[in-house]
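Novice: Chains as they are written, first to last, in my numbering: chain A, 6 to 357; chain B, 6 to 357; chain C, 6 to 357; chain D, 6 to 357.
Where is the CB? At the ideal position from N, CA and C, for every residue including glycine.
Please read through the structure below; I'll follow up with questions.
Protein chains: 4
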Amino acid sequence: MTISAKRAPVRVGVVGLGRLGKRHATNLAYRVPGAALLAVCSPLDDELAWARDALPEPRLYAEYDAMLADGDIDAIWLVTPSSLHAEQIVAALAAGKHVFCEKPLSLDVAQCEHVLAFAREHPELQATIGFMRRFDPSYRDAYEKVMAGKIGRPFMIRSQTTDKNDPEGFFVRFAPNSGGIFLDCTVHDIDIARWFFGHARATRAYAAGTVALHEGLRECGDVDNGVGVVEFEGGRLAVFYASRTMAHGNDTHSEIIGTAGALSVGHNPRASRVEIYDESGVRNECTPTFFDRFEEAFLHEAQAFAASIGARGERGASGSESAGATLADALEATRIGLALREALETGTPVVL
Amino acid sequence: MTISAKRAPVRVGVVGLGRLGKRHATNLAYRVPGAALLAVCSPLDDELAWARDALPEPRLYAEYDAMLADGDIDAIWLVTPSSLHAEQIVAALAAGKHVFCEKPLSLDVAQCEHVLAFAREHPELQATIGFMRRFDPSYRDAYEKVMAGKIGRPFMIRSQTTDKNDPEGFFVRFAPNSGGIFLDCTVHDIDIARWFFGHARATRAYAAGTVALHEGLRECGDVDNGVGVVEFEGGRLAVFYASRTMAHGNDTHSEIIGTAGALSVGHNPRASRVEIYDESGVRNECTPTFFDRFEEAFLHEAQAFAASIGARGERGASGSESAGATLADALEATRIGLALREALETGTPVVL
Amino acid sequence: MTISAKRAPVRVGVVGLGRLGKRHATNLAYRVPGAALLAVCSPLDDELAWARDALPEPRLYAEYDAMLADGDIDAIWLVTPSSLHAEQIVAALAAGKHVFCEKPLSLDVAQCEHVLAFAREHPELQATIGFMRRFDPSYRDAYEKVMAGKIGRPFMIRSQTTDKNDPEGFFVRFAPNSGGIFLDCTVHDIDIARWFFGHARATRAYAAGTVALHEGLRECGDVDNGVGVVEFEGGRLAVFYASRTMAHGNDTHSEIIGTAGALSVGHNPRASRVEIYDESGVRNECTPTFFDRFEEAFLHEAQAFAASIGARGERGASGSESAGATLADALEATRIGLALREALETGTPVVL
Amino acid sequence: MTISAKRAPVRVGVVGLGRLGKRHATNLAYRVPGAALLAVCSPLDDELAWARDALPEPRLYAEYDAMLADGDIDAIWLVTPSSLHAEQIVAALAAGKHVFCEKPLSLDVAQCEHVLAFAREHPELQATIGFMRRFDPSYRDAYEKVMAGKIGRPFMIRSQTTDKNDPEGFFVRFAPNSGGIFLDCTVHDIDIARWFFGHARATRAYAAGTVALHEGLRECGDVDNGVGVVEFEGGRLAVFYASRTMAHGNDTHSEIIGTAGALSVGHNPRASRVEIYDESGVRNECTPTFFDRFEEAFLHEAQAFAASIGARGERGASGSESAGATLADALEATRIGLALREALETGTPVVL
């Protein structure tokens with residue numbers, strides 16, 4: 006993906022410098038031809054210290070508002086807590102900035118709709134939600150094959166997001182604010198299903214789940230393993246699986262089944278091309294986290310965002326899907342994720 | 006699986022000589038040390054002609070009753086249409102014969118219960134239903150690993166039975182009597198789930214499905230692709246998938262997920278150990294039918310049945326599970342399969 | 006491979022009841038339709054006791070000559086020490102018996118030629134050497150694909166026979182009489198190469214080797230890991246690898262490379278269809294020994310031998326290749342194996 | 006591999022802008038934190054035009070000498086025809102520049118030695134030859150596992166470089182100047198073997214080969230498929246395979262076999278994580294060229310070179326191996342490659 010960078014680079018300000026924020030900032034600083042990392046924003050001193058050391062002379066902001074006031078910044082890149090996303094996106098758009106925001110848009114449908122309505126009044130600005138799987142080379146390859154008709158009509162998707170078990174159960178603390186396993190994990194699979202199904206509308210959702218290891222989740226009605234069945238218009242079906250308790254690693258795997266064939270993406274979550282032959286048999290190690298699995302996707306996502314804004318300038322037109330998931334996509338993912346959560350709680354399918 | 010055959014062999018009569026009946030008869034004739042194929046029964050002349058030619062001098066019967074009257078026969082082996090199973094089992098038991106019967110026991114719960122009640126009065130006779138997957142070496146290997154605690158506590162099973170598409174849709178004709186995709190195909194996955202879950206009780210079932218290719222199924226309310234979610238007591242979950250429309254072959258695949266690891270049985274339905282490197286990439290061919298996939302399982306099943314009856318004689322005791330699925334197992338599989346069908350029809354979970 | 010058995014069965018006498026002899030005897034007794042196990046011969050009481058217990062009333066012989074004098078025996082099945090093969094084959098043919106003999110025919114070319122000359126005078130008798138890989142379903146599948154032109158013209162074969170390491174190094178004791186690693190292990194790969202190359206003539210052989218673990222081998226000039234390069238007429242090449250020191254299991258693997266594609270047989274020596282997902286990654290266990298790997302091949306080999314002798318009777322003609330490797334094949338394998346050993350010793354290629 | 010770039014970047018001039026040169030230039034321009042692409046050099050107008058368009062304002066040189074005279078350039082990056090490498094490296098060192106040069110150093114041992122002697126007089130300058138496989142993440146992973154003792158003592162390496170067949174046989178034209186298949190392709194495998202064997206000395210080389218498809222190669226004594234066996238001191242062995250005629254893609258595969266296990270790198274040259282299920286079975290597509298296979302390796306190689314020069318400045322010391330293969334490594338690879346060529350021509354092992 007070699008990109009010419011002859012037009013003026015998009016000047017980006019990254020907000021939030023946790024683990025994922027650091028990666029985004031580094032990508033934007035060094036690996037995205039059409040982008041320049043102009044500024045970073047964090048309330049934490051050590052994160053700003055990291056930026057000073059690791060990035061090429063960025064402007065440092067402790068306050069989001071101060072960064073928005075920086076007229077040299079073209080685009081805001083939000084890697085902040087989910088609960089802040091909606092209001093920070095609105096503020097960025099209001100300040101005349103393009104905006105990229107990590108998923109989810111919001112766990113609240115009304116809030117999602119509010120952001121959409123606001124964005125609709127700013128068609129000159131790009132607003133993208135970070136469903137990075139759409140930029141993973143393997144998912145992209147599968148998508149192109151499906152679009153080219155290689156498997157006939159796709160009518161079923163099975164997709165899973167399963168994390169390596171954290172014996173400390175550190176994530177249990179965040180469970181109450183995560184929206185539950187379907188909104189936190191499955192939302193990626195939902196987006197994949199919608200993408201491969203041509204953004205067909207979901208019509209019904211059912212879910213079941215269990216607590217296999219992390220009893221603390223029961224308090225907030227969450228599970229550490231959940232399955233969901235979502236029906237889409239046109240006789241399309243999706244089956245999702247999310248887990249926090251895998252022994253072998255982060256295992257993100259999707260299958261797209263069509264009338265003339267099927268595709269699997271990432272069946273074996275191999276960490277590399279190495280196979281080990283020893284007394285345990287023949288084996289490969291696995292990607293430990295989504296970070297390792299989607300390293301390239303995060304980079305391509307940033308490259309596509311930068312390219313899309315550059316192209317906007319030239320076209321004087323609104324952004325295309327190639328920039329990634331839109332606010333509308335994010336709204337739909339939230340809507341379906343909430344339906345799965347409700348189905349899990351009630352034991353009854355939810356009609357959408 | 007070398008078996009000594011010093012005790013008198015079990016003398017078997019096979020009923021029904023369709024494709025599967027022929028295989029059972031040939032196995033019993035030549036490959037099951039403790040068994041002797043004494044007789045076969047079929048209403049069709051050409052099937053009897055085949056038997057005369059291919060088997061070692063079997064007695065030939067055109068009528069089931071006449072075979073039951075043959076006092077030299079120890080065990081009846083039913084490979085007849087499903088609708089006859091229940092009554093033929095009862096007749097065999099009444100005639101004092103052990104009985105092996107292909108699945109399903111019956112599509113009707115009351116009928117299943119009637120057979121169970123009848124069998125309970127004949128504890129000296131073995132009655133086994135042919136869920137052959139329990140005898141597949143790979144399923145058996147997985148089962149032993151699970152029992153040995155290798156994956157901790159198993160709490161989730163994903164299992165599928167998917168057939169290669171028959172472009173003629175020949176099977177559509179039989180759909181009205183098959184009981185639908187869940188009773189016809191998923192019943193095997195249900196039995197596998199129950200087996201791995203230590204015969205835990207199912208508590209709730211949900212299903213969804215679609216007609217991807219075979220429109221003729223709509224008439225009888227059936228689908229060619231269906232998914233089911235079944236909850237079991239103790240926080241255990243099963244997700245099933247059945248399909249009639251695979252492009253690549255018969256793909257029977259199960260995953261057993263535990264608190265300390267997971268097992269997959271048959272992920273890639275490879276036909277052999279051959280891999281082909283050509284312009285299409287690297288590939289392996291797939292087992293075209295369940296026949297090819299479970300060739301060994303059918304043989305081991307017969308060997309286990311024969312061994313079990315021999316052991317009964319010695320123990321003077323009732324048969325063990327090692328002989329295969331019991332009538333009670335078959336009843337439960339039918340009960341769950343019916344619940345999935347009802348859920349598919351109503352769009353509502355069925356409480357069991 | 007269901008075989009009708011309407012003609013009179015071939016009555017077989019098995020000589021040698023070690024581990025492999027027991028398997029052959031059991032196969033012939035219970036699993037080969039056209040064969041009947043009439044007698045066994047062993048100088049060891051406990052082996053005869055095993056036969057009495059495990060086989061269906063065989064005649065028991067302690068002396069080979071006595072067995073040869075038994076006029077009811079049609080075919081002799083030799084599973085004896087390699088050093089006895091040549092003379093026992095000649096004696097069997099002289100007694101008017103068909104003969105199957107485990108590989109190798111002999112480690113001495115002159116002795117091989119003597120047996121061939123003798124057999125040529127008895128064209129009415131079948132003499133087969135047990136290169137069982139030709140009967141493995143996967144090798145057979147590959148062979149048929151090659152013959153059907155699926156990979157164009159095959160010009161290169163890579164083939165390996167590698168055993169799981171025995172930390173006791175028990176085999177070191179037998180090394181002096183084994184003929185060395187190439188005659189003991191690689192001889193199977195040589196036969197496979199010749200088979201796939203249409204029995205083309207070998208023209209030059211080179212070898213190199215090392216002692217990785219078993220120092221005791223140095224005494225007799227043997228190695229525990231060896232590689233060989235053999236050129237065949239018509240610009241065909243074979244590369245062989247033999248090892249006694251694998252950690253993961255018996256790994257028998259062959260690749261056949263052609264002008265339009267390639268085939269691999271047994272790349273991953275998986276023990277079953279089970280994959281294990283745990284902290285070590287994703288893995289499969291491996292076939293521990295050639296016994297486990299070639300269980301089916303041994304059976305099909307016996308079935309083919311029996312079928313071939315039956316067919317001889319009908320045709321009144323000489324045996325076909327479908328019965329397995331001929332004495333001439335065995336002679337060539339020995340000749341090439343000896344050339345590899347000489348090349349290893351001298352560090353110089355040997356012209357054949 | 007995120008690298009801080011707080012020290013002044015290494016200013017690089019790239020020479021040669023063919024396909025591989027373009028990739029190096031683009032990497033250095035946009036993806037290597039510690040490097041700045043200052044200038045490019047090519048005698049071809051269209052290559053300079055490409056640079057003007059695709060790169061961030063590089064200085065453009067048509068003449069190598071003019072570029073060497075540019076005092077702002079710290080390091081020269083040679084992606085020129087092999088026959089120019091030796092003299093261009095010497096000139097770069099003479100001009101006081103660090104130098105990176107694509108493999109091979111030279112096909113002539115005396116010339117290699119001359120460059121080494123010259124470089125020895127300039128210990129303050131880094132000189133690296135581009136054996137990029139050392140920077141491939143999977144090879145790197147395997148290397149670290151071997152160094153950590155995971156497979157015991159490595160004693161055998163099997164490594165292959167096989168290219169997808171070009172039906173046009175375009176490469177045949179270049180064969181006379183390529184040095185033959187072992188110097189052109191196998192040289193990478195030789196470097197890998199030396200790397201994993203701790204740079205042990207090779208003691209003997211043997212080779213054989215065949216022309217499977219490209220008859221034109223016979224004229225210059227080359228082959229399109231060749232195998233080599235190289236013995237190293239300490240009882241270590243390497244077996245190489247090179248081919249120009251694969252149907253399925255570029256298949257670069259290495260196995261490192263040790264006394265306690267083995268590693269395989271790239272057994273299946275999968276192009277992505279996608280698997281396709283269709284009438285041909287289950288398959289994955291393959292990397293078409295070494296370009297696709299080693300995209301990451303080229304990038305990491307450049308990053309390591311830049312980091313190494315930066316570190317030199319700080320240490321005031323000579324470069325470490327972490328910068329990649331040294332001139333001495335390249336000399337040894339050439340020496341072994343020439344021995345394989347001689348062995349192929351003479352049919353006799355060459356003692357090194």
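Which first and last residues belong to the beta strand (DSSP E) in which D:Ser259 is found?
Specialist: 256-263
Novice: Provide the residue span of the alpha helix (DSSP H) that contains A:Val95, from first to last.
Specialist: 90-99
Novice: Given A:Arg209, which residues of its chain have a CB within under 6 Å of its CB, disregarding the five upstream and five downstream residues?
Specialist: Glu236, Pro354, Val356
Novice: Can at least three beta-carbon pairs, one atom from the segment 249-269 of chain D and one from the segment 290-306 of chain D, be found at a separation below 8 Å?
Specialist: yes
Novice: Between which two residues does the alpha helix (DSSP H) holding C:Glu118 run?
Specialist: 114-125
Novice: DSSP state of C:Ile314, grouped into three classes?
Specialist: Of the three classes helix, strand and coil, the one that applies to C:Ile314 here is helix, per DSSP.
Novice: Would you mind telling me which residues of chain B sit closer than 7 Å to D:Gly286, beta carbon to beta carbon, in chain order?
Specialist: Neighbours of D:Gly286 on chain B, chain order: His253, Arg288, Asn289, Glu290, Cys291.
Novice: Cβ of B:Asp283 less than 9 Å from any chain D Cβ?
Specialist: Taking Cβ atoms only, chain D reaches closer than 9 Å to B:Asp283, which makes this a yes.
Novice: Does the CB of A:Ile262 have a neighbour CB from chain B at under 9 Å?
Specialist: yes
Novice: So with Cβ pairs under 9 Å, would you call D:Gly21 a contact of chain A?
Specialist: For D:Gly21, the answer is no, since every Cβ of chain A falls outside 9 Å of its Cβ.
Novice: For chain B, check one thing: does any of its Cβ atoms lie closer than 9 Å to the Cβ of C:Arg320?
Specialist: Residue confidence is low: C:Arg320 scores 47 on pLDDT, short of 50, so the model does not pin down where it sits. Its coordinate-derived value is still stated next. By the rule that beta-carbons nearer than 9 Å mark a contact, C:Arg320 does not touch chain B.
Novice: Enumerate in chain order the residues of its own chain whose CB-to-CB distance from C:Thr250 is below 7 Å, with the five nearest sequence positions on each side excluded.
Specialist: In chain order, Asn170, Ala217, Leu218, Asp229, Asn230 place their CB closer than 7 Å to the CB of C:Thr250, counting only its own chain and leaving out the 5 sequence neighbours on each side.
Novice: Check for me: the beta strand (DSSP E) holding C:Arg163 runs from which residue to which?
Specialist: 159-169
Novice: Check whether chain A comes within 9 Å of C:Asn230, counting only Cβ atoms and requiring the distance to be less than that.
Specialist: no
Novice: Looking only at its own chain, which residues have a Cβ that is under 7 Å from the Cβ of A:Asp113, when we skip the five neighbours before and after it?
Specialist: none
Novice: When burial is assigned at 16 or more other CB atoms within 10 Å of the CB, is C:Ser327 buried or exposed?
Specialist: exposed
Novice: Since D:Asn273 meets chain B, which of its residues come closer than 7 Å, beta carbon to beta carbon?
Specialist: Val287
Novice: Applying the criterion that 16 or more other CB atoms from any shown protein chain within 10 Å of the CB defines a buried residue, is B:Asn32 buried or exposed?
Specialist: buried
Novice: Assign C:Thr351 to one of two classes, buried (16 or more other C-beta atoms within 10 Å of its C-beta) or exposed (fewer than that).
Specialist: Burial call: exposed.
Novice: Looking at the structure shown, is B:Val216 part of a helix, part of a strand, or coil, going by DSSP?
Specialist: Note: B:Val216 maps to coil in three-state DSSP.
Novice: Rounded to whole angstroms, what is the Cα-Cα separation between A:Gly324 and A:Pro128?
Specialist: Because the pLDDT at A:Gly324 is just 44, under 50, the model does not fix this residue reliably, and the point stays unresolved.
Novice: For the segment 24-39 of chain B, enumerate the residues whose C-beta is nearer than 7 Å to any C-beta of chain C, in chain order.
Specialist: Thr31, Tyr35, Arg36, Pro38
Novice: C:Ala267 touches chain B at which residues, Cβ-Cβ below 7 Å?
Specialist: Tyr282
Novice: Following the continuous beta strand (DSSP E) through B:His103, name the residue where it begins and the one where it ends.
Specialist: Taken as a continuous stretch (DSSP letters only), the beta strand (DSSP E) holding B:His103 covers 103-107.
Novice: Which one or two residues does DSSP pair with D:Met4 in a beta bridge?
Specialist: Look at the range of chain D in this structure, 6 to 357, and you will see that residue 4 of chain D is not part of it.
Novice: For D:Glu337, would you say it is in contact with chain A, using Cβ-to-Cβ distances shorter than 9 Å as the test?
Specialist: no
Novice: Starting from the Cα of C:Met137, find the closest Cα among C:Gly342, C:Glu347, C:Arg298, C:Leu349 and give me that residue.
Specialist: C:Arg298
Novice: Quick check on C:Val17 - is its C-beta less than 9 Å from some C-beta in chain B?
Specialist: no
Novice: Counting Cβ pairs closer than 8 Å, one from the segment 256-266 of chain C and one from the segment 143-162 of chain C, do we hit at least three?
Specialist: As far as the Cβ criterion goes, the segment 256-266 of chain C touches the segment 143-162 of chain C, which means the pair count is three or higher.
Novice: At least one CB of chain A closer than 9 Å to the CB of B:Glu350: is that the case?
Specialist: no
Novice: Does D:Asp146 come out as helix, strand or coil in the three-state DSSP assignment?
Specialist: The DSSP-derived three-state label of D:Asp146 is helix.
Novice: In the DSSP assignment, find the unbroken alpha helix (DSSP H) run with D:Ile341 in it and report its ends.
Specialist: 332-351
Novice: If you measure from the beta carbon of A:Asp256 to each beta carbon in chain G, is any gap under 9 Å?
Specialist: Absent from the structure: chain G. Protein chains present are A, B, C and D.
Novice: Beta strand (DSSP E) containing B:Phe237: first to last residue?
Specialist: 230-237
Novice: For C:Gly101 and B:Ala99, what's the separation of their Cα atoms in angstroms?
Specialist: 55 Å
Novice: What residues from the segment 139-160 of chain B come within 7 Å of chain C, judged by C-beta to C-beta, listed N to C?
Specialist: Pro142, Ser143, Asp146, Ala147
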